[in-house]
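**Q** Sequence positions in the sequence shown follow our numbering and run 234 to 1225. Just so it is clear, CB atoms sit at the ideal spot from N, CA and C, and this is done for glycine as well. The structure is given below, and queries will be raised subsequently.
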Amino acid sequence: MVDVPRVPEQRRPASGNTPEGRTEGHPPEVPASRFSVLGPVRAWLGPDQLNTGSPQQRALLAALLLRDGRTATASELIDALWGEEPPSQALAAVRTYASRLRKVLPPGVLVSESGGYAVQVADGALDLAVAEDLWSAAEKARGAGDLCQARTLVNKALGLWDGEPLANVPGPYADTQRTRLDEWRLQLLETRLDMDLEQGCHAEAVSELTALTAAHPLRERLRELLMLALYRSGRQAEALAVYADTRRLLADELGVDPRPGLKELQQRILQADPGLAEPSTPAQEPATTVVRPAQLPATVPDFTGRASFVNELSDILSTAEGRVMAVSALAGIGGVGKTTLAVHVAHVARAHFPDGQLYVDLQGAGARVAEPETVLGAFLRALGTADSAIPDSLEERAALYRSVLDGRRVLVLLDNARDAAQVRPLLPGMEGCAALVTSRVRMVDLAGAHLVDLDVMSPEEALLLFTRIVGEERVTAEREAALDVVAACGFLPLAIRIAASRLAARRTWTVSTLAAKLADERRRLDELQAGDLAVKATFELGYGQLEPAQARAFRLLGLADGPDLSLAAAAAVLDLPLDETEDVLESLVDTSLVESAAPGRYRYHDLVRLYARACAERDEQPPGERDAAMSRLLDFYLASAARVYAIERPGDRTVDHLEPTEHAGQDFTDDTKALDWLHSEAACILACVQQSLGAGMLRRAVSLLLASKDLAESGASSLRYESVTCAARDAAAALGDSLAEGQARVALAQVLSKVGHFDRASEELARGVELGSVSKDPWTISNALNEQGIIAYCVNQQAASEAYLHKAVEAFRADANRAGEASALCNLSRVLAANGRTPQAIDLARQGMSIYDDLGYNFRLANARSALGIALSDAGQHTEALVELNEALRVFAEVRQRLWEGTTHFRIAQVHLSARRPAQAAQHAEQALSTGCVGGDWMRANALTLLGRSLDTIGQVDRARACWREALTIYEASRAPEAEEVRALLAPVAAA
């Protein structure tokens, strides 16, 4: 059971004990003064801080503030300030302090009565009183089940502390109150951390709990929370090691065993008790913060027919409660109405799923299906999971997804699936939940699924659907023509809907006019065929009604491989102004041939995209216009990405080595908008590169990779960037383009290096240097040398690293690339620091900083600060090192370079450990592990080793050993030389 934080004792004024100047029932007007005791004792009048005098004078003020308006006698104040041995002039001193305070404080604040004193404080003017009120409100919120609000209120209370309470205030009374306030803060922290774990924030809590257990090693509740947080983060061995460390520490220091609750938790962890996976008493989410996703697309108002299917599927979904899981899979050809039926049934059944409905288009008919990992990430966010709590792997995301759904009744609609393998990780698998799946294939291998084969409409249903869209009056007048229309549509719902919508939008047409158009066998024959060709014929009906400008846009925009297109990108493809492009696109949205994914973004259904491309191959004249459109799109992305690069890296000559473009890109007003654009367009940019690897566009495609390298460095799109860069390398090799191949190999090596694949990166760089020499490309040569130096440093080849980096400096200087020169100088600084040549290392880092500063280079200046911080730490200047590293950390977070942010946490941890502050070192090492670092698994092992050293220093020996064992496994898998160091750390255990 969690201890309830105790509010420090404060006596309210008793009746009849009202100090002078206070009128009972009519409090006087009090100036806007404020006071603090949860830190230094301070007073303010409005925005101005008042001089509260000497330490003894502040001790008097603190004693009065902590009595909450009750009068303190002179003898009580003497005891508070000096205890049992007051000075001979103690009474006079008290009067002097009171007189001085009265002159400083506003009139009416310090009042006197019968030789005693009181401080009159308005509501909310004392930080301690505010904290008490916040805690009281938090208790009420938690009792009412509003855990989110309770946690927020406790955090606000904790935020009022500003260091040590009553800091530097002397006297026995201050000592007692300081102890009580410190204890209360710890209890508040424990309560808030307990609520963190109840809300599933275990991964985030580990770092803070690690630091707290180091600072308060004998506090068992913190150890218990740390064990639980580690266990829920998948770190069972470390959780058990915490218990072993605690048991040994308590025995050595106090001669006692851990309390029963801690022992019970250890046993439950050993037994992998399922009850530990979720809070033992889950808090009910408050009505204002409960996340109940309602993602179902709107059902069509004219839904027609399918009554037997609606009843059948609704019955299955309505009985989902009490069953493990209800899964229904709808199959049929494209355009048969699978999605329409599934959405309609989902809306009918939604009352049976009060905790929400999830929806996703799995894009199973396209070339690039939706990855289950990506879908699970979106689902988890929709269910209220924080981004930082979403794991990376498919298995972990699927497990968390099922855990989040446990106890909820949620309907999941998985639309347009490719196969059962894509669907399985997305099934809820929990009692009370259900899934509806649509696909063009029958999912006979989806265990336990209720399969439904959806056929075309009956003639009666088809005519009824047509009538509801067009209007009864028009159809009744031309019933035979209407029957001809639906027959020509092959009774496919999508085809009928498109035809009827066109007719409804054209009041001058008759039904016979439409029937006559459909009588053209060139359009109708494909529609009457089975399979995908029928869908193509349905789309042909809509396409045939487009105006020339609309048809051209439909054909050309369908050529792009990305998941969608922005308005600006579409304008580049069409070579039209933005306003004209928007008009055409919105008219296509009206035809349902194009979807509006979001304001200013457009996409095709996967089958419509295929049809649009077929139209482009058939109809686009001259044929070269297709290549010209894709060339304009490539130019748009390259020119835009080059601008982002130039904004983020002023003075870097990489932009001067990019291929020229004929068409303009996007303009950006500031750094934030530039980075937002790059990351939001990541999938489209990389798809464009992949699509542009033929002769004539290859070099620009490689340039686009160089300009968008932030996508790889941030870690968000590293894997996709790597695969596309591999394709670019291979395409360049096949075409014999040494310039493009060399640049692609260096770009690929930079990605591989950042994820710790040093051997593969070295191979790419060796070949890249050869190709750069052939093509005489200064970018390839200088960047390859710089990256070779980095890799040699990482694998402890210090002499080779220094040689590479000296060459890199010269190569960058020869290219007049000052930013590149600064990068190489900072990397060289790290090498010299590692070799003990600290003064030179500091000098080189400062040279790099100076260059970056001259260029106004915020991002890379952070790298330079990091290098300088390392060198300063090696020189024993730990305070100065932390100043540089903390500033670097701030910048990396600002520019969304997550991997560099994690690496800087690692460097800060190194400094703290060197400065003999192991608790702080452990906290930053934990943050490095949770954030991720440049260097992949190798750097993870480094962080684990550092965390182990920090934990070992503060006495958490077993947990330290658990960290080292994990690090050793990583090092041995990659044959890293650091494995020997870790084996030596573990040797005492092995010997024992």
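On the three-state DSSP scale, how would you describe glutamate 828?
**A** Assignment of glutamate 828 by DSSP, reduced to helix, strand and coil, places it in the strand class.
**Q** Exposed or buried, what is lysine 571 when buried is set at 16 or more other beta-carbons lying within 10 Å of its beta-carbon?
**A** buried
**Q** Would you list the one or two residues that DSSP bridges to leucine 647?
**A** Val593, Val670
**Q** Let's test the definition: count the other Cβ atoms within 10 Å of the Cβ of leucine 952 and tell me whether it reaches 16, buried, or not, exposed.
**A** Label assigned to leucine 952: exposed.
**Q** Measure the beta-carbon distance from leucine 283 to alanine 276 and round it to whole angstroms, keeping in mind my assumption that it falls under 8 Å.
**A** 4 Å
**Q** Do you know how far the Cα of leucine 461 is from the Cα of glutamate 497?
**A** One C-alpha to the other measures close to 12 Å.
**Q** Looking at the structure shown, is histidine 1138 part of a helix, part of a strand, or coil, going by DSSP?
**A** helix
**Q** Does DSSP put glutamate 346 in a helix, a strand or coil?
**A** Correct three-state label for glutamate 346: strand.
**Q** Is lysine 942 buried or exposed, if buried means 16 or more other CB atoms sit within 10 Å of its CB?
**A** Buried: at least 16 other Cβ atoms inside 10 Å.
**Q** For arginine 411 versus proline 403, is the C-beta spacing smaller than 7 Å?
**A** no
**Q** For proline 1210, which residues in the same chain have their Cβ closer than 7 Å to its Cβ, ignoring the five residues on either side in sequence?
**A** Counting only Cβ-Cβ distances below 7 Å, and skipping sequence neighbours, we find Asn1029.
**Q** Could you pull the start and end residues of the alpha helix (DSSP H) that phenylalanine 612 belongs to?
**A** 605–615
**Q** Keeping to the same chain, check which residues put their C-beta closer than 8 Å to that of glutamine 924; ignore five residues upstream and five downstream.
**A** Ala793, Asp794, Met863
**Q** Should glycine 286 and arginine 333 be called a contact, given that it needs their Cβ atoms to be closer than 7 Å?
**A** yes
**Q** Mark glutamine 504 as exposed unless 16 or more other C-beta atoms lie within 10 angstroms of its C-beta, in which case mark it buried.
**A** Exposed, since its Cβ has fewer than 16 Cβ neighbours within 10 Å.
**Q** Might you give, ordered along the chain, the residues of its own chain that have their beta carbon closer than 8 Å to the beta carbon of threonine 743, omitting 5 neighbours on each side?
**A** Arg707, Glu711, Ala714
**Q** CB-CB under 6 Å to glycine 1053, same chain, minus the five flanking residues each way: which ones, in chain order?
**A** Beyond the five residues adjoining it in sequence on each side, glycine 1053 comes within less than 6 Å, by CB distance, of Ser1015, Phe1045 in the same chain, given in chain order.
**Q** Quick check on histidine 683: does DSSP put it in helix, strand or coil?
**A** strand
**Q** For alanine 680, is the classification buried or exposed, using 16 other Cβ atoms within 10 angstroms of its Cβ as the cut-off for buried?
**A** exposed
**Q** Which first and last residues belong to the alpha helix (DSSP H) in which phenylalanine 1045 is found?
**A** From DSSP, the alpha helix (DSSP H) with phenylalanine 1045 extends over 1031–1047.
**Q** Taking valine 922 as the reference, which of Ala874, Asp889, Arg886, Gly589 has the closest Cα?
**A** Ala874
**Q** Secondary structure at serine 799, three-state DSSP: helix, strand or coil?
**A** Of the three classes helix, strand and coil, the one that applies to serine 799 here is strand, per DSSP.
**Q** Cβ atoms of valine 718 and leucine 751: under 7 Å apart, would you say?
**A** yes
**Q** Would you check if there are 3 or more beta carbon pairs closer than 8 Å linking the stretch 895–904 to the stretch 951–966?
**A** no
**Q** Output needed for proline 661: all residues of its chain with C-beta closer than 8 Å, excluding positions within five of it in sequence on either side, in chain order.
**A** Met558, Tyr634, Arg635, Leu638, Val643, Val645, Ala667, Ala668
**Q** If you draw a straight line from the C-alpha of alanine 973 to the C-alpha of valine 475, how long is it?
**A** 53 Å
**Q** Alpha carbon to alpha carbon, how far is alanine 1067 from alanine 980? Give it in angstroms, no decimals.
**A** 27 Å
**Q** What number of angstroms, rounded off, separates the C-alpha of arginine 757 from the C-alpha of alanine 582?
**A** In this predicted model, arginine 757 has a pLDDT of only 44, less than 50, meaning its place in the structure is not dependable; the value taken from the coordinates is given anyway. When rounded, the distance between both Cα atoms is 37 Å.
**Q** Grab the span of the alpha helix (DSSP H) containing leucine 1004 for me, first residue to last.
**A** Segment 991–1008, the alpha helix (DSSP H) holding leucine 1004.
**Q** I'd like the ranges of any alpha helix (DSSP H) spanning at least 4 consecutive residues and lying wholly in the stretch 900–927.
**A** 904–913, 915–924
**Q** Leucine 324 bridges to which residues according to DSSP?
**A** Bridge partners of leucine 324: none, in fact.
**Q** Do alanine 650 and valine 670 have their C-beta atoms closer together than 7 Å?
**A** Yes; because the gap between Cβ atoms is below 7 Å, this pair is in contact.
**Q** Taking contact to mean at least 3 C-beta pairs separated by less than 8 Å, is the stretch 715–734 in contact with the stretch 690–703?
**A** Segments in contact, yes.
**Q** Would you call the stretch 1185–1192 in contact with the stretch 1157–1170, where contact means no fewer than 3 C-beta pairs closer than 8 Å?
**A** No, they do not touch.
**Q** Might you give, ordered along the chain, the residues of its own chain that have their beta carbon closer than 6 Å to the beta carbon of histidine 259, omitting 5 neighbours on each side?
**A** Reliability of the predicted coordinates at histidine 259 is poor, the pLDDT of 40 falling under 50, and the value obtained from them is presented with this limitation in mind. Same-chain partners within the cutoff: there are none.
**Q** Between leucine 809 and phenylalanine 787, how many whole angstroms is the CB-CB distance? I'm expecting something under 8 Å.
**A** That belief does not hold up - the Cβ atoms of leucine 809 and phenylalanine 787 are roughly 14 Å apart, past 8 Å.
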